[in-house]
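Taking it in order: structure first as structure tokens, then the write-up.
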């Protein structure tokens, strides 16, 4: 396996936008889990992997700025979905690849992030997505920044699904076990509480 220091640099985008509908309208990235905001857990995990840490957020910019090298956000007030954040991240990324992670997967670990980067290196011109069984995880991905134009074209044609765009671009999969605990989306108060009560 490739050592971390041998992997080419990548920019990292943490998705923290959205309405937080499942959280009663609260800003999900700032909700506390095991004593820290969700965004702090992702920051701790990714900070050492990149000198270009980007956060996509639509509110509380001053709080998110503490965890990022760059902030991106949409001027559109209707929370147009994660593809808007991904497009914004691709537009400012300083490295040839952009790793995308949602803020509500604090159990993801360094081993999986390394595996993603290693797999992406095998076919550097293709997007990479995680997959559990037959289910793609389009918000856990690595995208070649050179494909930003294709994302823009798809957006302008009305596409709003990042997964569909990447599959149309020949995405490769990094297979994970079914119900991989590391990929648990803590996107409801019940899940946040349930997983917070389980020791690490």
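In the UniProt record's numbering, the protein residues as written are 1 to 200.
Idealized CB from N, CA, C, for every residue including glycine.
Looking only at DSSP bridge pairs, what is residue 131 linked to? Position 131 of the chain shown, counting from 1, holds the residue named residue 131. Under DSSP, the beta-bridge partners assigned to residue 131 are 136, 175.
Would you please state the rounded distance, in angstroms, between the beta carbons of residue 176 and residue 97? I believe it to be under 8 Å. The sequence position of residue 176 within the chain shown is 176, counting from 1. The sequence position of residue 97 within the chain shown is 97, counting from 1. That belief does not hold up - the Cβ atoms of residue 176 and residue 97 are roughly 20 Å apart, past 8 Å.
So, with DSSP's three-state summary, where would you put residue 11? One-based indexing of the chain shown puts residue 11 at position 11. DSSP places residue 11 in strand when its eight states are reduced to three.
Status (buried if at least 16 other CB within 10 Å, exposed otherwise) for residue 105: In the chain shown, the residue the question calls residue 105 occupies position 105. So residue 105 counts as buried.
Measuring only the C-alpha atoms, how far is residue 66 from residue 142? Along the chain shown, read from residue 1 onward, the residue named residue 66 stands at position 66. Along the chain shown, read from residue 1 onward, the residue named residue 142 stands at position 142. Taking the straight line joining both Cα atoms gives about 24 Å.
Going by Cα to Cα distance, which pick from 29, 53, 36 is closest to residue 100? For the purposes of this step, residue 100 is taken as residue 100 along the chain shown, with counting starting at 1. Nearest C-alpha to residue 100: 53.
Can you tell me which of the three DSSP states residue 83 falls into? Against the chain shown, residue 83 aligns to sequence position 83. Reduced to three states, the DSSP call for residue 83 is helix.
Reference residue 73, options 45, 180, 86, 57, closest by Cα: On the chain shown, residue 73 is found 73 positions in, with the first residue counted as 1. Answer by Cα proximity: 57.
Anyone know if the C-beta pair for residue 171 and residue 127 falls short of 7 Å? Locating residue 171 in the chain shown gives position 171, counting from the first residue. Locating residue 127 in the chain shown gives position 127, counting from the first residue. Their beta carbons are under 7 Å apart, which means residue 171 touches residue 127 by this criterion.
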